[in-house]
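Student: Shown below is the structure under consideration.
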Amino acid sequence: MSETLRTPDALADQGLIPPEAVQALRPVAARYAVAVTPALAALIPPRAPDDPLARQFLPSAQELVEAPENRSDPTGDAAHTPVKGVVHRYPDRVLLKPTHTCAVYCRFCFRREIVGPDGAGNLTPEELDAALGYIASRPEVWEVILTGGDPLVLSPRRLGGILARLSEVAHVKVLRLHTRVPVADPAAITAELVDCLRVPRQPLYIAIHANHPRELTPQARAALARLAEAGLPLLSQTVLLRGVNDDPEVMAELMRAFVESRVRPYYLHHLDPAPGAAHFRVGLEEGQAIVRALRGRVSGLAQPTYVLDIPGGYGKVPIGPSYLAPDGIDDPWGARHRL
Numbered sequence: 330m331s332e333t334l335r336t337p338d339a340l341a342d343q344g345l346i347p348p349e350a351v352q353a354l355r356p357v358a359a360r361y362a363v364a365v366t367p368a369l370a371a372l373i374p375p376r377a378p379d380d381p382l383a384r385q386f387l388p389s390a391q392e393l394v395e396a397p398e399n400r401s402d403p404t405g406d407a408a409h410t411p412v413k414g415v416v417h418r419y420p421d422r423v424l425l426k427p428t429h430t431c432a433v434y435c436r437f438c439f440r441r442e443i444v445g446p447d448g449a450g451n452l453t454p455e456e457l458d459a460a461l462g463y464i465a466s467r468p469e470v471w472e473v474i475l476t477g478g479d480p481l482v483l484s485p486r487r488l489g490g491i492l493a494r495l496s497e498v499a500h501v502k503v504l505r506l507h508t509r510v511p512v513a514d515p516a517a518i519t520a521e522l523v524d525c526l527r528v529p530r531q532p533l534y535i536a537i538h539a540n541h542p543r544e545l546t547p548q549a550r551a552a553l554a555r556l557a558e559a560g561l562p563l564l565s566q567t568v569l570l571r572g573v574n575d576d577p578e579v580m581a582e583l584m585r586a587f588v589e590s591r592v593r594p595y596y597l598h599h600l601d602p603a604p605g606a607a608h609f610r611v612g613l614e615e616g617q618a619i620v621r622a623l624r625g626r627v628s629g630l631a632q633p634t635y636v637l638d639i640p641g642g643y644g645k646v647p648i649g650p651s652y653l654a655p656d657g658i659d660d661p662w663g664a665r666h667r668l
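This note's numbering applies: residue 330 is where the sequence shown begins, and numbers increase by one.
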C-alpha cells in the first residue's frame, strides 16, 4: 500500500474493516475526516476494531453518539483567538496554527470539527502575515507553539519560511512544534525537513504525540533519531484513552519507549470532551491510579505530568495523585510514613 486511506471503502479494500461495515461508517467519515497512512495501516491487524491502534485511527459508529458533556470547541480556542490562526490563552505564549491538515486523523481529536479536507484549511499569505504581525506586536509573548493541524505536513520551504520569520521577532525566545508525523509517516522526516527546523536564534522543541508503544516502530524511532541528532529537543504528548493505554503496564512500556527514543515524557492529557469521543473517556480517579502506578515502577525520566485542560478555555492544570496525607506521606508502593 502506497497511499493514505481516506474512506471506509478504502479501509475495507485493505482488509482493515469488514465490507459489511462500510455503509454504517460512511456518515462517520462524512462528518469527521479519515486518514490512515501506510505506516500506521501496516500496524493494524485486519478486522480488529478493539485493537489499540484501530481504536485510535479507524472510524467507529460510536463517534455519532453524542454525550451531554461534549463541546465542539472543548479547549475554548475561539474565545482566545485575536486573529485567525492565533490562540492567546496564556500571557507569555501563543499557539500558531498555520494549517488544519494532519497526516492522520485521530478519532478523539479535540479539534476534529475544524481539521481535515473540509476544515479550516491553511492560512492564506495575508492571514499568516496578520498572525505573525500580532505576535510581533505583543512583547509579552515569550514562546510560540506551532500546532494545528500538524505543521510537519507543510513543505519544508513553507515551514522554514514561517520559522525564519518567527526567529526575527526579538521577544520570542522559544519555539515549540506539535506533531504526529514521525510516528504516522516516518519517511517524511527527510534531511530537507530536518534542515528547515534548524532555527538560528531560538531553541525549537518538538512535542511528539503517541499513545501506544506499538506506534514507536523501528522506522519511527529512526525518524526521531534524525531529529534528535540535529540537536532538536524532543518531548512527548499522550492522551489517556479507554482501550488504548488505560493500563499501567502499557503506559509504562510507552513511557520507556519514549525515553529510549530520546523523547522526554512531558504531558499525559486527560481526554477533552470532544464530540463523538465519549467511548474513549477514562475517569479521573482511574487516571490518577495509572499515573501513581508508574511512580517507583519506572525511571523518573519516564514520568509524564497528568493534566486536564479545563473545558471552555480556562487553562491546563496538573491533576496527578497526591502522596500527602493528614498523618504522613505515602511512598511509591503505598506504605504510609510519618514526616
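By construction, the Cβ of each residue, glycine as well, lies at the ideal position given by its N, Cα and C atoms.
1. Where do the ends of the beta strand (DSSP E) carrying Tyr534 lie?
2. For Leu424, write down the residues that DSSP places opposite it in a beta bridge.
3. Is the CB-CB distance between Ala362 and Cys431 below 9 Å?
4. Let me know if Gln566 comes out buried or exposed under the rule of 16 or more other beta-carbons within 10 Å of its beta-carbon.
5. Judging by CA-CA distance, which residue of Gln352, Thr404, Ala370, Gly657 is the nearest neighbour of Gln343?
6. Measure from the alpha carbon of Val636 to the alpha carbon of each residue in Leu600, Thr428, Arg621, then state which is nearest.
7. DSSP on Arg665, reduced to helix/strand/coil?
8. Can you give the Cα-Cα distance for Gly657 and Ser628, rounded to whole angstroms?
9. Kindly list the residues whose CB is nearer than 6 Å to the CB of Thr333, restricted to its own chain and excluding five residues on each side of it in sequence; keep chain order.
10. How about Leu630 and Val588: are their beta carbons less than 9 Å apart?
11. Going by the DSSP bridge assignment, what does His507 pair with across the sheet?
12. What is the DSSP secondary structure of Pro485, counted as helix, strand or coil?
13. Quick check on Gln617: does DSSP put it in helix, strand or coil?
14. Taking Ile443 as the reference, which of Asp406, Val412, Arg418 has the closest Cα?
15. Give me the DSSP bridge partner(s) of Tyr463.
16. Which of the three DSSP states is assigned to Ala362 in this structure?
17. Considering only the beta carbon of each residue, do Pro511 and Ala549 sit closer than 9 Å?
18. May I ask you to list the residues that DSSP assigns as paired with Val328?
19. Could you pull the start and end residues of the beta strand (DSSP E) that Gln566 belongs to?
20. Let me know if Ala500 comes out buried or exposed under the rule of 16 or more other beta-carbons within 10 Å of its beta-carbon.
21. So the candidates are Arg335, Leu483, Gln385; which of them puts its Cα closest to the Cα of Arg543?
22. Would you give the residue range spanned by the alpha helix (DSSP H) that Asp524 belongs to?
23. Could you say which of Ala539, Arg610, Tyr652, Ala465 lies nearest to Glu582 if we only look at CA atoms?
24. Do Gly605 and Glu455 have their CB atoms nearer than 9 Å?
25. For the alpha helix (DSSP H) that Asp338 lies in, which residues bound it at each end?
26. Taking only three categories from DSSP, how would you classify Val627?
27. Excluding the five sequence neighbours on either side, which residues of its own chain have a C-beta within less than 6 Å of the C-beta of Pro671, listed in chain order?
28. Quick check: the Cα distance between Thr508 and Lys413, rounded to an integer number of angstroms?
29. Identify the continuous beta strand (DSSP E) that holds Arg593 and give its terminal residues.
30. Rounded to whole angstroms, what's the CA-CA distance from Ala603 to Arg667? Just pull it up for me.
31. Check for me: the alpha helix (DSSP H) holding Leu553 runs from which residue to which?
32. For the beta strand (DSSP E) holding Leu637, just list the boundary residues, first then last.
33. So the candidates are Lys645, Ser590, Ala341, Thr634; which of them puts its Cα closest to the Cα of Pro375?
34. Run the CB neighbour count on Thr404, radius 10 Å, all protein chains shown included, and call it buried at 16 or more, exposed below.
Tutor: Inspection of the coordinates gives the following:
1. In the DSSP annotation of this structure, the continuous segment of the beta strand (DSSP E) that includes Tyr534 starts and ends at 533 to 538.
2. Val416, Ile474, per the DSSP bridge assignment.
3. It is a contact, given that the beta carbons lie within the stated cut-off.
4. Note on Gln566: 16 or more other CB atoms within 10 angstroms of its CB, so buried under the neighbour-count rule.
5. Checked all of Gln352, Thr404, Ala370, Gly657; the closest Cα to Gln343 is Ala370.
6. From the listed residues Leu600, Thr428, Arg621, the smallest Cα separation to Val636 is found for Leu600.
7. DSSP, reduced to helix, strand and coil, places Arg665 within a strand of the structure shown.
8. Cα to Cα, Gly657 sits roughly 24 Å from Ser628.
9. The answer, listed in chain order, is Ala364, Thr366.
10. Yes, they are a contact pair.
11. Paired residue(s): Ala536.
12. Here DSSP, grouped into helix, strand and coil, assigns Pro485 to helix.
13. Residue state for Gln617 is assigned as helix, using DSSP reduced to three classes.
14. Distances from the alpha-carbon of Ile443 to those of Asp406, Val412, Arg418 put Asp406 closest.
15. In the DSSP output, where bridge partners are listed per residue, Tyr463 has none listed.
16. Of the three classes helix, strand and coil, the one that applies to Ala362 here is coil, per DSSP.
17. The answer is yes: Cβ separation under 9 Å.
18. Residue 328 is absent from the structure shown; the chain starts at 330 and stops at 668.
19. It spans 563 to 568 - the beta strand (DSSP E) in which Gln566 sits, taken as one unbroken run.
20. The sequence given here places His at residue 500; Ala does not occur at that position. With fewer than 16 neighbouring CB atoms inside 10 Å of its own CB, His500 falls in the exposed class.
21. Answer by Cα proximity: Gln385.
22. In the DSSP assignment, Asp524 falls within the unbroken alpha helix (DSSP H) covering 520 to 525.
23. When only C-alpha atoms are compared, the closest one is Ala539.
24. No, the pair does not count as a contact, with Cβ atoms beyond the cut-off.
25. Per DSSP, Asp338 belongs to the alpha helix (DSSP H) from 337 to 342.
26. Three-state result, Val627: strand.
27. Past the boundaries of the shown model lies residue 671; the chain is included only from 330 to 668, so the question cannot be answered.
28. Straight-line spacing of the CA atoms in Thr508 and Lys413 works out to 20 Å.
29. From DSSP, the beta strand (DSSP E) with Arg593 extends over 592 to 598.
30. Distance between the alpha carbons of Ala603 and Arg667 is about 43 Å.
31. Run containing Leu553: 547 to 557, per the alpha helix (DSSP H) assignment.
32. 634 to 638 is the extent of the beta strand (DSSP E) around Leu637.
33. Nearest in C-alpha terms to Pro375, of all of Lys645, Ser590, Ala341, Thr634, is Ala341.
34. Thr404 should be labelled buried.
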